[in-house]
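There are 2 protein chains.
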Amino acid sequence: MAAYKELSAEELTELKIELEKEFEEIKDKGLNLDMSRGKPSKEQLDLSMGLMDVLRSESELVCTEGVDCRNYGVLDGITEAKQLLADMMEIPKDNIIIYGNSSLNVMYDQIARSMTHGVMGSTPWAKLDKVKFLCPVPGYDRHFAITEHFGIEMINVPMTPDGPDMDIVEKLVSEDEAIKGIWCVPKYSNPQGTTYSDETVHRFACLKPAAKDFRIYWDNAYGIHHLYEDKQDYLLEIFMECKKMGNPDLVYKFSSTSKISFPGSGIAAIGASDANLKEIRNQLKIQTIGHDKVNQLRHARFFKDIGGMVNHMKKHADIMRPKFDAVLETLERELGGLEIGSWIAPRGGYFISFDAMEGCAKAIVAKAKEAGLVMTGAGATYPYGKDPKDSNIRIAPSYPTLEEIKTAAEIFVLSVKLVSIDKLLGNL
Amino acid sequence: MAAYKELSAEELTELKIELEKEFEEIKDKGLNLDMSRGKPSKEQLDLSMGLMDVLRSESELVCTEGVDCRNYGVLDGITEAKQLLADMMEIPKDNIIIYGNSSLNVMYDQIARSMTHGVMGSTPWAKLDKVKFLCPVPGYDRHFAITEHFGIEMINVPMTPDGPDMDIVEKLVSEDEAIKGIWCVPKYSNPQGTTYSDETVHRFACLKPAAKDFRIYWDNAYGIHHLYEDKQDYLLEIFMECKKMGNPDLVYKFSSTSKISFPGSGIAAIGASDANLKEIRNQLKIQTIGHDKVNQLRHARFFKDIGGMVNHMKKHADIMRPKFDAVLETLERELGGLEIGSWIAPRGGYFISFDAMEGCAKAIVAKAKEAGLVMTGAGATYPYGKDPKDSNIRIAPSYPTLEEIKTAAEIFVLSVKLVSIDKLLGNL
Chain A
35 MAAYKELSAE ELTELKIELE KEFEEIKDKG LNLDMSRGKP SKEQLDLSMG LMDVLRSESE
95 LVCTEGVDCR NYGVLDGITE AKQLLADMME IPKDNIIIYG NSSLNVMYDQ IARSMTHGVM
155 GSTPWAKLDK VKFLCPVPGY DRHFAITEHF GIEMINVPMT PDGPDMDIVE KLVSEDEAIK
215 GIWCVPKYSN PQGTTYSDET VHRFACLKPA AKDFRIYWDN AYGIHHLYED KQDYLLEIFM
275 ECKKMGNPDL VYKFSSTSKI SFPGSGIAAI GASDANLKEI RNQLKIQTIG HDKVNQLRHA
335 RFFKDIGGMV NHMKKHADIM RPKFDAVLET LERELGGLEI GSWIAPRGGY FISFDAMEGC
395 AKAIVAKAKE AGLVMTGAGA TYPYGKDPKD SNIRIAPSYP TLEEIKTAAE IFVLSVKLVS
455 IDKLLGNL
Chain B
35 MAAYKELSAE ELTELKIELE KEFEEIKDKG LNLDMSRGKP SKEQLDLSMG LMDVLRSESE
95 LVCTEGVDCR NYGVLDGITE AKQLLADMME IPKDNIIIYG NSSLNVMYDQ IARSMTHGVM
155 GSTPWAKLDK VKFLCPVPGY DRHFAITEHF GIEMINVPMT PDGPDMDIVE KLVSEDEAIK
215 GIWCVPKYSN PQGTTYSDET VHRFACLKPA AKDFRIYWDN AYGIHHLYED KQDYLLEIFM
275 ECKKMGNPDL VYKFSSTSKI SFPGSGIAAI GASDANLKEI RNQLKIQTIG HDKVNQLRHA
335 RFFKDIGGMV NHMKKHADIM RPKFDAVLET LERELGGLEI GSWIAPRGGY FISFDAMEGC
395 AKAIVAKAKE AGLVMTGAGA TYPYGKDPKD SNIRIAPSYP TLEEIKTAAE IFVLSVKLVS
455 IDKLLGNL
């Protein structure tokens, strides 16, 4: 099919009538589909039911240090959970602290502590006139929500196929002392599925920030969340790279088992240098006596080791892959060559990022909703919810069934076509 | 036996030689006993092993709202957990938010949020020159650690048999806008086991603070932690009392199941007015997608309802009571009439509070340690670890076995006697 922009107004109008008929037919089905969040499906949750069976007797609740996991204590996590998550995060076991069920909460707490207490002796951010964060865009809305909540000014940095535009990052970070951090989802990024190149990671490790309390907030949420066994991305490990470059304190790594075991009941962790962790422990011991060790032990016993976890992720991939393939196949079949949108086929993670023609994203999401399909709100992938081009839409194919995904993809492409025609006809 | 102060120097010296011999004999046993923290014993933990059995199949993991508890979502807790903890906290189900495993963490987070965002529109505390908290003393060291961590000035308020001295509380709170809160453990208080009188609670509810963002931090940690079935304290419910007095927003109630189910893996909650909870939810949704719902459901299914929980606490009491009785019996038998210390026999909670002669507490704790008995550090029950009279010692009889407790109590009274003699002889 020819690109829409090559069509005459008459041709577009004719096409629109045809597509609207199709759309009305789907709309009449009264569907209720949700592709808005990166939420695992029931089938994926069922993979981890073994978690409910591994700890039954009193003796099974004692961890390798001989600690009764039911009782108080062990501030930064039991050894076997540390080992499992350290391997998952590709860092030494001593460079990790295990938290509760949410890595978002861990990130929030790091920012909150920096606000009230600064970072390793720096002025508490709450006492500064201005604090800024760099935000590679498009990115993860919940990251942006944290920085917005604390009144931190967010600066967009464009993503490239190799990760954030490092020329911009280097320049801004080295010049502006108010810039205290950058949000990164370095592997199978949210929403584009981009994995930062080795050079990008290396350049991160070499940053010379004007602010001594600048940190890279490295949210490796999809580190082992591949879609294909034969096509996988590899990410240079940043903590070691920072250490090599003489910047061991530059990065906080975050991760969790939320999309590996149970999203609501996993375990989360931070990985960082000895000096960073020392400061964090000093605060953490005021905040809690310790996190849920029974759940830590449950995870360690269920997965056994990182090998077990990697095998487990293959089962997730087997469920996710057909859903991604269905969306991608529909996009290719229905939108290929029309020049009204572009997308990236990711090799892992939870999202497909779609870029519509400028000024069309909000209208497409609204259109899809008319037919019962909920997408992530347009703009959500940008700080303050403001996509300057109103172009990016995040597609999250994990939660619905494969059958539903197929229908959802059809609604989506129809919505894209209809809105794009309106745009080209000057009706938007 | 006569009061020590009635004895001559010779008599005291003679007695000391005798007691020192006894002390050396115990010391030679090379014991290793711990009465330092309010930590439940293994026997108590075993009471809750049913928690590990209640959720086995996928269908059992769906809560009453039909939500799959394994997945993301439900920010403020599932209905059945809310009902259980609301009943435990004696507040309406809609006035509760369920958190993770630690009420200390909940309290920390309230203070942290107030530092960065203020309370219901007030100036963030981090922007103020001075923030103060009232601290009934003796009190809970971890409360004091939170306020100290945030640079909040702590003002001691003496405890009376009816709770904090309300004349002082009313005066200070109404006069000083810098005073933003007061720490309270209102029932079976830590460490004295005091329960606030109805009048005290009523006067709390009638407070007219100079600071609009003043809150009562009501940590009802031992609400159903009775020792005796026939002798129980009753605490007037403060949230309703505040509401009646036209001050619905005045109090934050905190509680958890830490000393009911598993200390490291319980569920915690805050109870407060609609307006307070609205503000808290607005922040909480930035901090996390939700707490561990599987663990919430586990607790709801195991205890069934508040009746089940109350019955469960009788089993705890059966384990705790003999330990408390053993300590109290030893104190009475060995120190009764000597006028070298006083103590309160509590009806619940986790502690016995002992007041030594002035200037003796640190020395007694050090002496006990010589014989292998670890007590809570003297001074810990006061802000900044400074007991102005160096007199208060917290005894925590829960963790050791009954046999160990008996020995520990003997070491303790011997230490008290020896240090008191030194004091009277002018050797301290």
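Chains A and B, in that order, give the protein sequences.
Residues 35 to 462, numbered by the numbering used here, are exactly what the first sequence covers, in order.
Residues 35 to 462, numbered by the numbering used here, are exactly what the second sequence covers, in order.
Note that beta-carbon positions come from the ideal geometry of N, C-alpha and C, so glycine has one too.
Worksheet item: Using the beta-carbon count (16 or more within 10 Å), is Gly84/B buried or exposed?
Response: With fewer than 16 other CB atoms across the displayed protein chains lying within 10 angstroms of its CB, Gly84/B is exposed.
Worksheet item: chain A beta carbons: is any one of them nearer than 8 Å to that of Leu362/B?
Response: No, Leu362/B lies away from the interface with chain A (no Cβ there is under 8 Å from its Cβ).
Worksheet item: Taking C-beta to C-beta, are Thr113/A and Cys97/A nearer than 8 Å?
Response: Contact flag set, yes.
Discussion item. Taking a contact to mean a Cβ-Cβ separation below 8 Å, would you say Lys403/A touches Asp424/A in this structure?
Written reply: Cβ distance not < 8 Å, so Lys403/A and Asp424/A don't count as in contact.
Item to complete: Please list the segments of the alpha helix (DSSP H) lying wholly inside the region 195-283 of chain A, counting only runs of 4 or more residues, in order along the chain.
Response: Fully enclosed alpha helix (DSSP H) runs of 4 or longer: 200-209, 232-239, 272-278.
Item to complete: Indicate whether at least one CB of chain B lies closer than 8 Å to the CB of Glu92/A.
Response: Using beta-carbon distances, Glu92/A counts as an interface residue toward chain B, with a partner under 8 Å.
Worksheet item: Can at least three beta-carbon pairs, one atom from the region 445-461 of chain B and one from the region 193-206 of chain B, be found at a separation below 8 Å?
Response: The region 445-461 of chain B vs the region 193-206 of chain B: no contact.
Worksheet item: Out of Gly413/A, Ala120/A, Val88/A, Gly419/A, which has the shortest C-alpha to C-alpha gap to Gly257/A?
Response: Proximity to Gly257/A across Gly413/A, Ala120/A, Val88/A, Gly419/A peaks at Ala120/A, based on C-alpha coordinates.
Worksheet entry | Rounded straight-line distance, which links the Cα of Tyr222/B to that of Asp421/B | So the two alpha carbons sit approximately 21 Å from each other.
Worksheet item: Beta-carbon separation of Lys265/B and Arg147/B under 8 Å?
Response: The Cβ atoms of Lys265/B and Arg147/B lie no closer than 8 Å to each other.
Discussion item. Can you tell me whether Lys401/B is helix, strand or coil according to DSSP?
Written reply: Three-state result, Lys401/B: helix.
Worksheet item: Considering only C-alpha positions, which residue in the set Met154/B, Lys319/B, Pro170/B is nearest to Tyr251/B?
Response: The candidate whose alpha carbon is nearest that of Tyr251/B is Pro170/B.
Worksheet item: To which residues of the same chain is Arg335/B closer than 7 Å at the C-beta, ignoring the five residues directly before and after it?
Response: Cβ neighbours of Arg335/B beyond the five flanking positions: Val88, Leu89.
Worksheet item: Going by beta carbon distance, what residues of the same chain come within less than 6 Å of Gln117/B, once the five residues before and after it are set aside?
Response: Only Lys127 meet the Cβ criterion.
Fill in: Same chain, Cβ closer than 7 Å to Leu138/B, neighbours up to 5 away in sequence not counted
These residues qualify, in order along the chain: Arg176.
Worksheet item: To which residues of the same chain is Glu368/A closer than 7 Å at the C-beta, ignoring the five residues directly before and after it?
Response: Apart from the 5 residues on each side of it in sequence, Glu368/A sits with its Cβ closer than 7 Å to the Cβ of Val447 in its chain, given in chain order.
Practice prompt. Using 10 angstroms around the beta-carbon of Gly342/A, count the other beta-carbons present and answer buried if the total reaches 16, otherwise exposed.
Written response: It counts as exposed.
Worksheet item: Nearest-angstrom Cα distance between Ala360/A and Leu261/A?
Response: Near 13 Å, if we compare the C-alpha coordinates of Leu261/A and Ala360/A.
Discussion item. Quick check on His183/B - is its C-beta less than 8 Å from some C-beta in chain A?
Written reply: Judged by the 8 Å Cβ criterion, His183/B is in contact with chain A.
Worksheet entry | Contact belief for Gly298/A with Asp326/B at Cβ below 8 Å, rounded distance in angstroms | Between the beta-carbon of Gly298/A and that of Asp326/B there is about 6 Å, and that keeps the pair under the 8 Å contact cut.
Item to complete: Report yes if the CB atom of Val191/B is closer than 8 Å to the CB atom of Leu168/B, and no otherwise.
Response: The answer is yes: Cβ separation under 8 Å.
Worksheet item: Between Met154/A and Lys277/B, what straight-line distance do the alpha-carbon atoms span, to the nearest angstrom?
Response: When rounded, the distance between both Cα atoms is 44 Å.
Discussion item. Ile145/B and Ile189/B - do their beta-carbons sit closer together than 8 Å?
Written reply: No, these two residues do not count as a Cβ contact at 8 Å.
Worksheet item: Taking just the CA atoms, how far does Val219/A sit from His236/A?
Response: Whole-angstrom Cα-Cα distance: 15 Å.
Item to complete: Indicate whether the contact test is met: 3 or more Cβ pairs, each with one atom in the region 431-439 of chain A and one in the region 65-82 of chain A, closer than 8 Å.
Response: With the cut-off at 8 Å, the region 431-439 of chain A and the region 65-82 of chain A touch.
Practice prompt. Could you check what DSSP says for Phe446/A in three-state terms: helix, strand or coil?
Written response: It is helical.
Discussion item. Using 8 Å as the threshold, is the C-beta distance between Asn426/B and Asp389/B below it?
Written reply: One thing to note: Asn426/B has its Cβ within 8 Å of the Cβ of Asp389/B.
Fill in: Endpoints, alpha helix (DSSP H) assigned at Met347/A
Start and end: 340-369.
Fill in: C-beta atoms of Tyr174/B and Ile304/B nearer than 8 Å
No, they are not a contact pair.
Discussion item. Can you check whether the C-beta of Lys76/B is within less than 8 Å of a C-beta belonging to chain A?
Written reply: For Lys76/B, the answer is yes, since a Cβ of chain A falls inside 8 Å of its Cβ.
Worksheet entry | Three-state secondary structure (DSSP) of Tyr384/B | Residue state, collapsed to three classes: coil.
Worksheet entry | Continuous beta strand (DSSP E) stretch holding Met409/B: start and end | Following the DSSP letters along the chain, one finds Met409/B inside the beta strand (DSSP E) bounded by residues 407-409.
Item to complete: Please say whether Thr291/B and His333/B have beta carbons closer to each other than 8 Å?
Response: Result yes, Cβ atoms of His333/B and Thr291/B sit closer than 8 Å.
Practice prompt. Would you mind telling me which residues of chain B sit closer than 7 Å to Ser136/A, beta carbon to beta carbon, in chain order?
Written response: Those within 7 Å of Ser136/A in chain B are Thr322, Ile323.
Worksheet item: Under the three-state reduction of DSSP, which class applies to Pro170/A: helix, strand or coil?
Response: In the displayed model, Pro170/A falls within a strand according to three-state DSSP.
Fill in: 6 Å CB neighbourhood of Ala306/A in its chain, flanking five on each side removed
Contacts found: Tyr286.
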